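Straight run, no breaks: the sequence shown in numbering that gives the first Met the number 0 ends on number 248.
One structure is given here, and the rest of the page talks about it.
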Amino acid sequence: MKELSGKTAFVTGGSRGIGHAICIALAESGANIAFNYTAADDKANELVDLLRTKHKVKAEAYKADIADEEAVNEMVAKANKAFGPISILVNNAGINRDKSFLRMTRAMWDEVMGVNLNGPFNVTNALLPGMIENKWGRIINIASMGGQTGNFGQANYTVTKGGLIAFTMTLAREAARKGVTVNAVSPGYTETDMTAGMPEPIRKQVEQMIPMGRMGTPEEIANAVSFLAGDRSSYITGQVLSVNGGMYM
Ligand code: NAI
């Protein structure tokens, strides 16, 4: 039997990038996969097919904006009906709206808070009680190196990622005696749509600053998540696992 056989994982923002790789990694470990996506993505159905046919697990995709509490509650109710109890949550969905602080608008600030911080609040709020009831759960929050170091042009984004790290530690303390561990994975620069628009000269500069000399792949982030999702990490909680090629130590 595989490590996560019989368990269900809920992954936000699973239709592309890091979330897509996380869905596949957890399915490879045997977990059934419920994932969420937004209207802009059209790869959700392809992923559902892949998970069902290649990985032979149950899979469903739900279209909903995680910043919308009512939509999240409806989505989780549907997922619970389809899968039964959900014991693994990966708060992965996130956005950036970059500008130096003096040029950042209130709307850019609020939009990023809504998805990157209120989103994890909404989904965790809907799923944590079930994990506590079943006395077993794993919550993995996808933070960012920027939340540990700050980053030029990302006041809004880095606040949410630093906040997610603080949320991880507080929730870990509150859930520790209830069978639920809460950890963060903090990626450095990773090859996804989020970084695809980076101009070539900047990309070269970034690669020179990374001790390993290259950006990470979504699969390298997903491997850390799948470790934290299973029993091999049973005594690890409240931690930030950095996956960044050595860029921040
Ligand atoms: P991406 O832009 O390729 O994918 C983001 C995913 O989130 C998509 O599936 C999208 O549908 C979903 N999403 C966006 N807004 C949503 C909303 N309101 N409701 C529900 N889903 C929504 O991003 P990527 O690169 O895969 O990032 C995943 C996570 O990793 C994010 O939290 C990001 O901040 C974090 N991260 C990414 C890094 C990178 O270099 N790519 C570095 C550090 C952290």
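Where is the CB? At the ideal position from N, CA and C, for every residue including glycine.
Please read these numbers as outputs of a predicted model, since none were measured by experiment.
Please classify residue i: does DSSP put it in a helix, a strand, or coil?
i, result
"Ile21", "helix"
"Thr52", "helix"
"Pro186", "strand"
"Thr254", "Given a span of 0 to 248 for the chain in the structure shown, any question on residue 254 remains unanswerable."
"Ala60", "strand"
"Gly12", "coil"
"Tyr156", "helix"
"Ser233", "coil"
"Phe34", "strand"
"Leu3", "coil"
"Lys203", "helix"
"Ile164", "helix"
Alpha carbon to alpha carbon, how far is residue i from residue j?
i, j, result
"Asn124", "Pro200", "42 Å"
"His54", "Asn91", "21 Å"
"Met214", "Ala175", "34 Å"
"Ile249", "Ile138", "No information on residue 249 is available, as it lies outside the stretch 0 to 248 that the chain covers here."
"Tyr156", "Val114", "10 Å"
"Ile164", "Val56", "31 Å"
"Pro198", "Gly136", "41 Å"
"Ser143", "Thr180", "19 Å"
"Gly29", "Asp230", "13 Å"
"Phe335", "Lys203", "Nothing about residue 335 can be read from this structure; the chain reaches only from 0 to 248."
"Gly44", "Ala183", "Going by the sequence as given, residue 44 is Asn instead of Gly. When rounded, the distance between both Cα atoms is 28 Å."
Would you list the residues sitting across from residue i in a DSSP beta bridge?
i, result
"Gly215", "Thr189"
"Ala78", "Looking at the DSSP assignment, Ala78 forms no beta bridge with any residue, so it has no partner."
Which residues in the same chain have their Cβ closer than 6 Å to the Cβ of residue i, if we skip the five residues on either side of it in sequence?
i, result
"Asn95", "Tyr156"
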